[in-house]
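Colleague: The listed protein sequences derive, respectively, from chains A and W. In terms of the working numbering, the first sequence is residues -13 to 232. In terms of the working numbering, the second sequence is residues 12 to 540.
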Amino acid sequence: MRILLPIKRVIDPYAKVKPLGDGSGIDTGNVKFDVNPFDEIAVEEAVRMKEKDPSIETIAISIGGAECEDQLRKCLAMGADKAILVESTREHDPSTIAHELKAWVEELKPDLILMGKQSTDGESNQVGQMLAALLGWPQATYASKITIEGGNIEVVRETDSGEETLTLPLPAVVTTDLRLNEPRYIALPGIIRARNKPLEKATEKSNKEPNIRYTKFQSPPARPAGRKVANVTELLAALSERGVSL
Amino acid sequence: MVTENALRGCSFFSSTPETAFAPEDFIADELLMIQMAEKFSREEILPQVEAIDQQEPGLMPALIAKAGELGFCGIDTPEAYGGLGLSKNLAARILEFLSLNGSFSVTIGITSGISQVGVSLFGNEAQKKKYLPLLTSGEQIGAYCLSEPNSGSDALSMSSRAEQKDGKWVINGTKMWISNAQWATQFIVLAKVEDKVTAFIVERDFPGVSIAREEHKMGLKGSSTARVVLENAEVPLENVIWEPGKGHYIAFNALNLGRFKLASMSIGPAREALRCAAAYASDRKQFGKSLVEFELIQKKLAESAARFFAAESMIYRTGALIDTAFDYCKTLDLPEIDANRKAAEEYAIECSACKVFATEAEGFIVDEAIQTYGGYGFTEEFPVARLYRDARVSRIYEGTNEINRIFLADRFLKRVKEGKASVVASGDSFVSELAGAAFAKVGDAPGQAKVGALSDLLMLSYAEQSARLRAARFPRYGAVYDLFLNWANVQAGQAYQQVTGEGVTIPAPRSANLGEIAQAVVRAKGPLD
Ligand SMILES: Cc1cc2nc3c(=O)[nH]c(=O)nc-3n(C[C@H](O)[C@H](O)[C@H](O)COP(=O)(O)OP(=O)(O)OC[C@H]3O[C@@H](n4cnc5c(N)ncnc54)[C@H](O)[C@@H]3O)c2cc1C
Chain A
-13 MRILLPIKRV IDPYAKVKPL GDGSGIDTGN VKFDVNPFDE IAVEEAVRMK EKDPSIETIA
47 ISIGGAECED QLRKCLAMGA DKAILVESTR EHDPSTIAHE LKAWVEELKP DLILMGKQST
107 DGESNQVGQM LAALLGWPQA TYASKITIEG GNIEVVRETD SGEETLTLPL PAVVTTDLRL
167 NEPRYIALPG IIRARNKPLE KATEKSNKEP NIRYTKFQSP PARPAGRKVA NVTELLAALS
227 ERGVSL
Chain W
12 MVTENALRGC SFFSSTPETA FAPEDFIADE LLMIQMAEKF SREEILPQVE AIDQQEPGLM
72 PALIAKAGEL GFCGIDTPEA YGGLGLSKNL AARILEFLSL NGSFSVTIGI TSGISQVGVS
132 LFGNEAQKKK YLPLLTSGEQ IGAYCLSEPN SGSDALSMSS RAEQKDGKWV INGTKMWISN
192 AQWATQFIVL AKVEDKVTAF IVERDFPGVS IAREEHKMGL KGSSTARVVL ENAEVPLENV
252 IWEPGKGHYI AFNALNLGRF KLASMSIGPA REALRCAAAY ASDRKQFGKS LVEFELIQKK
312 LAESAARFFA AESMIYRTGA LIDTAFDYCK TLDLPEIDAN RKAAEEYAIE CSACKVFATE
372 AEGFIVDEAI QTYGGYGFTE EFPVARLYRD ARVSRIYEGT NEINRIFLAD RFLKRVKEGK
432 ASVVASGDSF VSELAGAAFA KVGDAPGQAK VGALSDLLML SYAEQSARLR AARFPRYGAV
492 YDLFLNWANV QAGQAYQQVT GEGVTIPAPR SANLGEIAQA VVRAKGPLD
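(1) Only counting runs of 4 or more residues, tell me where the alpha helix (DSSP H) segments fall wholly within the segment 139 to 193 of chain W, in order along the chain.
(2) In the DSSP assignment, find the alpha helix (DSSP H) that holds D334 of chain W and state where it starts and stops.
(3) What residues in its chain sit with their C-beta under 8 angstroms from that of S158 of chain W, if we drop five residues either side in the sequence?
(4) Does the CB of K214 of chain A have a neighbour CB from chain W at under 7 angstroms?
(5) Exposed or buried, N16 of chain W, counting other C-beta atoms within 10 Å across all chains shown (16 or more means buried)?
(6) Does any heavy atom of ligand 1 sit closer than 6 angstroms to the C-beta of V404 of chain W?
(7) Should the segment 128 to 144 of chain A be regarded as contacting the segment 176 to 186 of chain A, the criterion being three or more beta carbon pairs within less than 8 angstroms?
(8) Report yes if the CB atom of R416 of chain W is closer than 7 angstroms to the CB atom of G463 of chain W, and no otherwise.
(9) Determine, using beta carbons only, whether M12 of chain W comes closer than 7 angstroms to chain A.
(10) Could you give the distance in angstroms between the alpha-carbon of R213 of chain A and the alpha-carbon of A223 of chain A?
(11) Leaving out the 5 sequence neighbours to the left and right, which residues in its chain are closer than 7 angstroms to A195 of chain W when beta-carbon positions are compared?
(12) Where F24 of chain W and V434 of chain W are concerned, what is the direct C-alpha to C-alpha distance, given to the nearest angstrom?
(13) Evaluate M12 of chain W with the Cβ neighbour count: other Cβ atoms within 10 Å of its Cβ, from every protein chain shown; 16 or more gives buried, anything less gives exposed.
(14) Mind checking who D20 of chain A pairs with in its DSSP beta bridge?
(15) Report yes if the C-beta of G163 of chain W is less than 6 angstroms from at least one heavy atom of ligand 1; otherwise report no.
(16) How big is the Cα-Cα spacing for K425 of chain W and L419 of chain W?
(17) Between the beta-carbon of A32 of chain A and the beta-carbon of L100 of chain A, is there less than 7 angstroms?
(18) Can you check which of these residues, A:I45, A:P124 and A:L174, is closest to E186 of chain A by C-alpha distance?
(19) Evaluate D467 of chain W with the Cβ neighbour count: other Cβ atoms within 10 Å of its Cβ, from every protein chain shown; 16 or more gives buried, anything less gives exposed.
(20) What separation, rounded to the nearest whole angstrom, lies between the Cα atoms of L(-9) of chain A and A28 of chain A?
(21) Does any C-beta atom of chain A lie closer than 7 angstroms to the C-beta of L81 of chain W?
(22) Return helix, strand or coil for A69 of chain A, following the three-state DSSP convention.
(23) So, at 6 angstroms on beta carbons, what are the nonlocal neighbours of G385 of chain W in its own chain, with the 5 sequence-adjacent residues on each side left out?
(24) Taking C-beta pairs closer than 7 angstroms, name the residues in chain A that L95 of chain W reaches, listed in chain order.
(25) Compare the beta carbon distance of A281 of chain W and F320 of chain W with 7 angstroms and say whether it is the shorter of the two.
(26) If we define contact as Cβ-Cβ less than 7 angstroms, is R59 of chain A a contact residue for chain W?
(27) Is F83 of chain W helix, strand or coil by DSSP?
(28) Let's see if you can read the secondary structure: which residues bound the beta strand (DSSP E) around V160 of chain A?
(29) What residue does the beta strand (DSSP E) around S114 of chain W start on, and which one ends it?
(30) Could one say the Cβ of F143 of chain W lies closer than 7 angstroms to chain A's Cβ atoms, at least one of them?
(31) Can you tell me where the alpha helix (DSSP H) holding F198 of chain W begins and where it ends?
(32) Using a Cβ distance threshold of 8 angstroms, determine whether the segment 223 to 238 of chain W contacts the segment 266 to 283 of chain W, with at least three qualifying pairs required.
(33) Tell me, please, whether the segment 330 to 338 of chain W touches the segment 351 to 370 of chain W by the rule of three or more beta-carbon pairs shorter than 8 angstroms.
(34) Look up M12 of chain W in the DSSP assignment and say whether it is helix, strand or coil.
(35) Is F51 of chain W buried or exposed, if buried means 16 or more other CB atoms sit within 10 Å of its CB?
(36) So what's V453 of chain W in DSSP terms, helix, strand or just coil?
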């Protein structure tokens, strides 16, 4: 069985970001980058599956500049078997990434695509769904538990109204949520071994143009200071002033 | 290509290199290793500091075992003996981030450092194969036994004795202040054979070895410190390291590298203290403002960041130099032991300078952290009180800072005599000019106060040059460098006056915006990076 793990390089999710002065993008000077935390959960899950069934092969793939190698190496250090860097410096949106991944899926023929439900930078939450649609594959989003059984996969997914359990035939696309697992400590020997694991560099296969163009980046307006109320009566009055009826 | 240039101990004094290694030069997957060390500290160590300080049975050995599984107990030990074979510089950087708590720091620092280095540099193949893998894996813990009740700084006056009897070594003596004693199963013991210092590997289970009760300490309560008593302790003949009478080389070279590592172990807690102080200063409000808006609090954060910056700059510059020395000495036509000795000695002065500077920077930073917290800092509710108590011993062990201050100038002048260093200063800074002038004027047989001041000038020259070279490459450090320079100039002026008895005019300080630096510290959640 082969698992494909799409990986995105994102700005350190705990860093405070600010837009560039001219609004053309985000200031990336002196900020750190990491693997999108949801993707890291996907890698962890795949590595755990492989620990149970050594015949599983895991491939991490990232689309972006040469610098994405750092994040792919991290995935290799976590235990992924091999990595592919699709070098691209052009603008992307969820649809271009989904098209590019589709082309790679056709070549690599994975049985399962495991990826973050969204990235912590753009927070679009679209690539997994689009990719499943383009491939005509079943999908399960927001996975909090995954079990493989024969040719099927059982996914417990988190929804606003509770947990839902789906059984999907493979091949399928599954996107991960936070509660799926807690990524491991990466042991230093693993990091050293990753230096010798294969990392293939490739060019883009798809030339799909983005549907979305980013025109301007700006900070959200500063929130006006709040007001202190003396007691519940005043609070209720203030709420009804704003049209909140109880 | 490593050339003879690799052996340039003390060259900072008389010349300015074009560039020097800076922490920014650690590359991608090295950063991942450092990040894992910090994660380990934050998730496994810091949440348990109280249990650690109470020496909860089994806890520390379990933490060491876990650290060992992740590869943290043998970072720079050769792969053939279970280590990772990485550079000493990277090992030190990783150790810095494993050192956010002092008790864990000293435990792992010793078992991964000074208790291995004697065997790994000077032991024979059988000793390396037998003893090192048990330490690098974290299965066992090691200790290093030099000090005695009546011989601390004057270590070579030790009274422990070893003699051969019935095909064994028999050792008698008491070793004092032995870190890790409670948990260790392997001890490097220094004892005299006739009147020559000799190093032995002693296992806990050998007949005649016993461990006394734990010392009650002011800090590092979670680390084990106890006497190791050797009463007719029986040690196999093959457990001598190198050969009888070479123990002082082993002890001192273990100390050279130990001092370098201790420097990074000292800025680890300082990093954490500054992180805490910055967070507290931005949360706590008085007079309707965050503390960080008050200039006197800004000054504490900014000065701490400046001192930290200089310490960090000199430590990792030194680590890279040590690594090149080891790489170069391997290429020489020398027996391995001699090559190792040559490499470990080359940057002894830089190592001492790092130890003194970093431990004093740590002392300053933890003290200012307490002050930033005010009364809350004085309670055990907040983490800075522990950081403060734990930091105090850094200036005492691995050679007190006084002993290091005697060693620095003394060794430097020895190198000058041997033609391996020049007393003519580069003059690339005010500090350097004063250092050159002070050495030129000191005269014969200076007293200790003057020797100590000369050592300060050596140390400040090295720190200032290291900080300057790094700030030149990374302009974001310009402001902290300026602030550090102002302080270093004043310190150098005082030291110069001490040596020469003359007055000196200190250059006007560079202006540094304390508020901006303090805000940067808050944003960086600790030292600037
Ligand atoms: C927590 C802790 C852990 C330790 N761990 C270890 C360990 O694992 N292994 C080990 O071998 N040792 C260990 N030590 C011992 C440590 O290295 C010694 O305490 C240190 O070397 C100082 O020796 P001393 O305490 O006997 O002080 P002393 O040598 O008595 O010094 C007392 C004071 O006099 C000063 N002084 C001494 N000689 C001179 C001189 N010639 N000129 C000027 N000033 C001088 C010193 O600087 C100091 O200020 C540890 C100590 C502590 C507190």
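Ideal Cβ positions, reconstructed from N, Cα and C, are used throughout, including at glycine. Computed from a prediction, not measured in an experiment: that's the story for all the values here.
Modeller: The structure says:
(1) none
(2) E306 to T342
(3) A166, K186, M187, W188 and I189
(4) no
(5) exposed
(6) yes
(7) no
(8) yes
(9) Because M12 of chain W sits at a pLDDT of 46, beneath the cut-off of 50, its placement in the model cannot be relied upon, and the following sentence gives the value as read from the coordinates. Chain A, which has no Cβ nearer than 7 angstroms to the Cβ of M12 of chain W, makes this no.
(10) 13 angstroms
(11) I152, G153, A154 and R215
(12) 8 angstroms
(13) With a pLDDT of 46 at M12 of chain W, under the threshold of 50, the predicted position of this residue should be treated as unreliable, though the coordinate-derived value follows. Exposed, because fewer than 16 other Cβ atoms sit within 10 Å of the Cβ of M12 of chain W.
(14) A:V(-4)
(15) yes
(16) 10 angstroms
(17) yes
(18) A:I45
(19) buried
(20) 7 angstroms
(21) yes
(22) strand
(23) none
(24) L174, P175 and I178
(25) no
(26) yes
(27) coil
(28) A158 to T162
(29) Per DSSP, S114 of chain W belongs to no beta strand (DSSP E); it is in the alpha helix (DSSP H), G113 to G120.
(30) Reading off the sequence, residue 143 of chain W comes out as Leu, not Phe. Chain A, which has no Cβ nearer than 7 angstroms to the Cβ of L143 of chain W, makes this no.
(31) Here F198 of chain W belongs to no alpha helix (DSSP H); instead the beta strand (DSSP E) covers Q197 to V204.
(32) no
(33) yes
(34) With a pLDDT of 46 at M12 of chain W, under the threshold of 50, the modelled position of this residue cannot be trusted; read the value that follows with caution. M12 of chain W falls in the coil class under three-state DSSP.
(35) buried
(36) coil
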